[in-house]
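Taken in order, the sequence shown gives residues 98 to 497; the numbers are from our numbering. Remarks on the structure that follows.
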Amino acid sequence: MQLSNSNLMFFISLSRAGRGTFLEDTSQQPLRKPESFISTSIFQQRPALITTDNKPGIHPYDDFLADTPYQGIATFAHLNSTNCFSVASDSTFDIAVVGAPFDLGVTYRPGARFGPAGTRMGSRRLAPSFAYSMDHATNPFLDWATIVDCGDIMNDPFDKLQAIHDLQKGWDSIAARKVRNKSNGTIPRIVSIGGDHTISLPAIRALYQSWGRVTVLHFDSHLDSWDPKQLGGGLTKYSEITHGSMFHILHEEGFIAEHGNMHLGSRSKLMDKVYDLEHDADCGFTYIRARTLDQIGSDAVVDRIIKTVGDEFVYLSIDIDVMDPAFAPATGTIEPGGWTSRELLHILSSLADAGLKIVGADVVEFTPVYDNTAETTAIVVSEIIYEILQWMVKVPVLQS
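Pasting the structure below:
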């Protein structure tokens, strides 16, 4: 049987539609243009997704987009970069974050001079528009305090003594600035990013001009109050100053409290079973060993600190090797058996809740070259600094 063209088109349509489906004769209808692959795929244009809504008042994420974590010049938590050192600058602020790229005092692995840069990279996930803490119920960057990043204090890379002098001049310049909010203090407070732990020496020397003697809360696996004759040999004026002798020097110079200072998280080996601890006590320190936390818990550790420090002005010095290497592998003088990052952050938060008066701080010994590809150490260091900033905002401090 011979089929006409119209009948042929009918049967083709019927076969395409499936058994039992009746389709009308389409032979007289114009052929439709085949749909393109793009128009039927996930790549087709969807106006609701690609158009911009320019209606006023409906852009709550403008600040977030400006602080996209991986864009822009690296400052700590995307804070404003401020010239804190030039006499020509009229900048005012309440809290300053500043880098101290120095590592001429190390006794083991070098590289902490890159700590400030590494910390800023680790802080990229933080930003003024994305920093509200559920634990603290506040955003420290959008509270009463103006917080800025002062950049780094330039210092001599060859001469240790000159570098320490340069660093102290930098901190002196910051402390001489006017504050933005005078109702909560008249002197800017500084959070310093090391650098090796030697930077505590010029930092506390500079702090003395404004606050007098301070009580030191020293989180570290090591004592760092060693007599230079024990550590470094005391052969020259250069070898006496290291990241393990600065608290001895500060005690000798009268810049820290005669008693009430504390080492927290101690666990390193000693050089002498008697002299090291006796000398440490002479420098005004007591200590809570790392394993003590396992025995009494972090809240009891906090209670001991509060009872010891009381109402004194506190300088907080955190060597990241207080933490176990699992949480902070990138440090110069590593010691197994440390605290977890959560334990450390809990202690800091609890001290802030107790109202301890922190007038300055440093976070030191981050050596980025030893970090892993996940930037574990960089991220936890930036979180520690964020916690310190929360503390400073929560507890304003006025001069006596």
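Glycine included, C-beta positions come from ideal geometry on N, C-alpha and C.
Cα-Cα separation between residue i and residue j, rounded to whole angstroms
{"i": "Thr295", "j": "Asn236", "result": "32 angstroms"}
{"i": "Thr165", "j": "Asp459", "result": "27 angstroms"}
{"i": "Thr179", "j": "Pro207", "result": "29 angstroms"}
{"i": "Trp241", "j": "Ser307", "result": "22 angstroms"}
{"i": "Ile476", "j": "Ser220", "result": "6 angstroms"}
{"i": "Ser289", "j": "Gly357", "result": "23 angstroms"}
{"i": "Glu337", "j": "Ser414", "result": "20 angstroms"}
{"i": "His443", "j": "His319", "result": "21 angstroms"}
{"i": "Leu332", "j": "Thr339", "result": "13 angstroms"}
{"i": "Arg217", "j": "Ile485", "result": "15 angstroms"}
{"i": "Thr430", "j": "Asp468", "result": "14 angstroms"}
{"i": "Gly362", "j": "Gly381", "result": "17 angstroms"}
{"i": "Tyr167", "j": "Lys334", "result": "44 angstroms"}
{"i": "Val192", "j": "Gln487", "result": "Correcting the residue identity first, residue 192 is Ile in this sequence and not Val. Straight-line Cα distance between these residues: approximately 11 angstroms."}
For residue i, the first and last residue of its enclosing beta strand (DSSP E)
{"i": "Arg286", "result": "286-291"}
{"i": "Phe227", "result": "Where Phe227 is concerned, there is no enclosing beta strand (DSSP E), given that its DSSP letter is neither H nor E."}
{"i": "Phe344", "result": "Phe344 -> not in any beta strand (DSSP E); alpha helix (DSSP H) instead, spanning 343-350."}
{"i": "Gly212", "result": "Gly212 -> not in any beta strand (DSSP E); alpha helix (DSSP H) instead, spanning 212-219."}
{"i": "Lys454", "result": "454-461"}
{"i": "Tyr205", "result": "Per DSSP, Tyr205 belongs to no beta strand (DSSP E) and is neither H nor E."}
{"i": "Val492", "result": "Looking at the DSSP string, Val492 is not in any beta strand (DSSP E), and its letter there is neither H nor E."}
{"i": "His360", "result": "358-363"}
{"i": "Ala193", "result": "192-197"}
Neighbour-count burial assignment, residue i, 16 or more Cβ in a 10 Å radius
{"i": "Thr118", "result": "Since pLDDT at Thr118 reaches only 48, below the 50 mark, its modelled position is unreliable, and the value read off the structure follows with that caveat. Thr118 is exposed by the Cβ-count criterion."}
{"i": "Val184", "result": "exposed"}
{"i": "Ala449", "result": "buried"}
{"i": "Tyr384", "result": "buried"}
{"i": "Gln265", "result": "buried"}
{"i": "Arg364", "result": "buried"}
{"i": "Tyr229", "result": "exposed"}
{"i": "Ala451", "result": "exposed"}
Boundaries (first-last residue) of the alpha helix (DSSP H) holding residue i
{"i": "Phe173", "result": "Element bounds for Phe173: n/a, residue is neither H nor E."}
{"i": "Val184", "result": "That residue, Val184, is in no alpha helix (DSSP H); it is neither H nor E in DSSP."}
{"i": "His319", "result": "From DSSP, His319 is part of no alpha helix (DSSP H); its letter is neither H nor E."}
{"i": "Arg277", "result": "No alpha helix (DSSP H) contains Arg277, which DSSP labels as neither H nor E."}
Of the listed residues the options, nearest to residue i (C-alpha basis)
{"i": "Arg386", "options": "Gly351, Thr333, Gly407, Gly435", "result": "Gly435"}
{"i": "Gly407", "options": "Arg388, Met343, Lys454, His376", "result": "Lys454"}
{"i": "Val313", "options": "Asp324, Asp191, Ala300", "result": "Ala300"}
{"i": "Arg274", "options": "Ser280, Ile284, Gly267", "result": "Ile284"}
{"i": "Val195", "options": "Thr405, Gly394, Ser479, Thr204", "result": "Ser479"}
Distance between beta carbons of residue j and residue i, contact taken as under 8 angstroms
{"i": "Val399", "j": "Val456", "result": "About 19 angstroms separates the two Cβ atoms, so there is no contact after all."}
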